[in-house]
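Below is the structure:
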């Protein structure tokens, strides 16, 4: 995952968390689904069709859960890096 992809996905942190933990999503508008579909295709270029744009609720949850994995790994690495940098400053 690139920094740009992470920044684009960070707008959907709440929905990614809900998909990962609760196995559902809400507040997903068509423009958001189009943007998420583009990010999905960048992250998983060889993956099957995401069907995010169709609005199929189970397809959206499945795609969001799949994107949540690299998103939260990247987020965790950033948090660790920030902790290390804070420790060096003290």
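In the working numbering, the protein residues as written are 374 to 463. Positions of the beta carbon are idealized from the N, C-alpha and C atoms, including for glycine.
If you ignore the 5 residues before and after residue 426, its C-beta comes within less than 7 angstroms of the C-beta of 406, 407, 410, all in its own chain and listed in chain order. The beta carbon of residue 436 sits closer than 6 angstroms to the beta carbons of 413, 423, 425 from its chain, once the five residues preceding and following it are set aside; these are given in chain order. Under the three-state reduction of DSSP output, residue 436 falls in the helix class.
A direct Cα-to-Cα measurement between residue 419 and residue 378 gives close to 17 angstroms. For residue 433 and residue 443, the gap between their C-alpha atoms comes out near 16 angstroms. When only Cα atoms are considered, residue 451 and residue 380 end up about 12 angstroms apart.
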